[in-house]
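K.L.:
After the structure tokens below, expect a handful of questions from me.
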Amino acid sequence: MMPDWQTLFALRPLGSRAMGLTLPELVGPVWFASANSADLTELPADSFLTSVESARASAFKFGQPRENFTLGRLAGKLSLAAAASASAPRSPALSPGGGEGEERVRRLRSFKIENGERGEPVVRAGDLKSPAHAVSLSHVNGLGVAVAFPARERVGLDLELIDARRAETVRKGVPLSAEEEDWLKTPLLPEATALLLLWTARESLGKALGCGLACKWETLALQRIEQVSEGGWSGIFLHHPQFRCWSWVGPEAVMSLAFTPA
Ligand SMILES: CC(C)(COP(=O)(O)OP(=O)(O)OC[C@H]1O[C@@H](n2cnc3c(N)ncnc32)[C@H](O)[C@@H]1OP(=O)(O)O)[C@@H](O)C(=O)NCCC(=O)NCCS
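Heads up: the sequence shown begins at -10 in our numbering, then just goes up one per residue.
Structure follows, in structure tokens:
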């Protein structure tokens, strides 16, 4: 069953921020983590970013994109650390209450999240050429989210703030499938939220496929989307029936996760 939005974003000590999500038929859980602006007062960026990541953060001319990038990296590293601790129980777990600060920071810094040719996140863990887990991440102003998953799987995550102007851009700029248009006519969500849910679902598939949005619009279209819980939705894709999508609608944002059940 999908956790609700509150569970996903419940404030916890940083060290135990990541939570395992069981996806249907996927072997083992994936690990979700979020990070917000306040976390950076507890953990300054330079303490957990590698020199390459710090250089990339510094290249942003403006503070907000720099912070967003940093929050994505922090969420990514928290999710990777939790996944690694769960699959190798002898490796030291992050301390839930803070404490052991040096060790915690060293572990976060040991996960390097770079970007491949298409912008996709590429994980390097210590000297491992083939780390056990990959990551997908997304950031909006003041919030970063990430999911760590077994490297052989294909998973994508996308987050958007609920914003009428952004929804209008989707409405005007994205050709929707007949199925998506039909779904929009069902008054289960305000239209702006529904459009952004469709958008995050499509982007999550683009990330899972590795193309991002650099593909034909229709490639990412949804065939069906159903409500499965309060604030929880499940979707399947028109041209990629091997993928599923889970979406969460929160008070201020929408998030979607695309994955391939076995
Ligand atoms: C991937 C994409 C959809 C990101 O969307 P966004 O809403 O702007 O940003 P989000 O915060 O949700 O996601 C950004 C993260 O997606 C990830 N990402 C970027 N490209 C990706 C891809 N092709 N596949 C998987 N993940 C990707 C990155 O980790 C990125 O964060 P980072 O740069 O801090 O590492 C968008 O950048 C895109 O379509 N890129 C495709 C390439 C493209 O069109 N390039 C244009 C210039 S050539």
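Glycine residues also receive a C-beta, built at the ideal position from the N, C-alpha and C atoms.
In the DSSP assignment, what residue or residues form a beta bridge with Cys200?
P.N.:
Per DSSP, none; premise fails for Cys200.
K.L.:
Indicate whether the contact test is met: 3 or more Cβ pairs, each with one atom in the stretch 98 to 109 and one in the stretch 191 to 208, closer than 8 Å.
P.N.:
A contact exists between the stretch 98 to 109 and the stretch 191 to 208.
K.L.:
On a Cα-Cα basis, can you pick out the residue from Glu142, Pro176, Trp172 that is closest to Pro18?
P.N.:
Among Glu142, Pro176, Trp172, the Cα nearest to that of Pro18 belongs to Glu142.
K.L.:
Is the number of C-beta pairs between the stretch 163 to 173 and the stretch 130 to 145 that are closer than 8 Å three or more?
P.N.:
The stretch 163 to 173 vs the stretch 130 to 145: no contact.
K.L.:
Along the chain, which unbroken stretches of the beta strand (DSSP E) at least 3 residues long are found entirely within the stretch 110 to 165?
P.N.:
With a minimum length of 3 residues, the continuous beta strand (DSSP E) runs that stay inside the stretch 110 to 165 are 110 to 114, 122 to 129, 132 to 139, 144 to 150.
K.L.:
If you run the structure through DSSP and keep just helix, strand and coil, what is Lys205?
P.N.:
Looking at Lys205 - three-state DSSP - the assignment turns out to be coil, as it is neither helix nor strand.
K.L.:
Check the DSSP bridge columns for Glu215 and list the partner residues they point to.
P.N.:
Paired residues: Ser223.
K.L.:
Tell me, which residues are paired with Ala24 by DSSP?
P.N.:
Answer by DSSP bridge pairing, in chain order: Gly133.
K.L.:
Less than 7 Å separating the beta-carbons of Ala190 and Gly239?
P.N.:
For Ala190 and Gly239, no; Cβs fall outside 7 Å.
K.L.:
To which residues of the same chain is Val159 closer than 6 Å at the C-beta, ignoring the five residues directly before and after it?
P.N.:
Correct list, in chain order: Leu184, Trp188.
K.L.:
When DSSP builds the beta bridges, which residues end up paired with Leu246?
P.N.:
Paired residues: Leu146, Trp235.
K.L.:
Suppose contacts are defined by Cβ-Cβ distances below 7 Å. Is Ala197 in contact with Ala251 by that definition?
P.N.:
Not closer than 7 Å, so no.
K.L.:
With distance defined between alpha-carbon atoms, name the residue in Leu97, Pro230, Leu150, Trp235 nearest to Glu215.
P.N.:
Glu215 has its Cα closest to that of Trp235, out of Leu97, Pro230, Leu150, Trp235.
K.L.:
Considering only the alpha carbon of each residue, which of Gly90, Arg6, Val217 lies closest to Pro252?
P.N.:
What the structure shows of the chain is the stretch from -10 to 251, and residue 252 is not part of that stretch, so it cannot be assessed.
K.L.:
Counting Cβ pairs closer than 8 Å, one from the stretch -5 to 12 and one from the stretch 36 to 46, do we hit at least three?
P.N.:
Short answer: they don't touch.
K.L.:
Under DSSP, the beta strand (DSSP E) around Glu103 begins and ends at which residues?
P.N.:
Note, Glu103: beta strand (DSSP E), 100 to 104.
K.L.:
When the distance is taken between beta carbons, is Ala153 closer than 7 Å to Ala256?
P.N.:
The structure shown does not extend to residue 256, since the chain spans only -10 to 251, so no value can be given for it.
K.L.:
Ordered along the chain, which non-local residues of its own chain (more than five positions away) have a Cβ less than 6 Å from that of Met8?
P.N.:
Answer for Met8: Phe21, listed in chain order.
K.L.:
Measuring alpha carbon to alpha carbon, tell me which residue in Ala64, Ser5, Leu173 is nearest Gly131.
P.N.:
The residue with the shortest Cα to Cα distance from Gly131 is Ala64.
K.L.:
From the DSSP secondary-structure annotation, give me the bridge partner or partners of Val19.
P.N.:
Looking at the DSSP assignment, Val19 forms a beta bridge with Leu10.
K.L.:
Just the C-alpha distance for Val217 and Ser40, rounded to the nearest angstrom, thanks.
P.N.:
When rounded, the distance between both Cα atoms is 43 Å.
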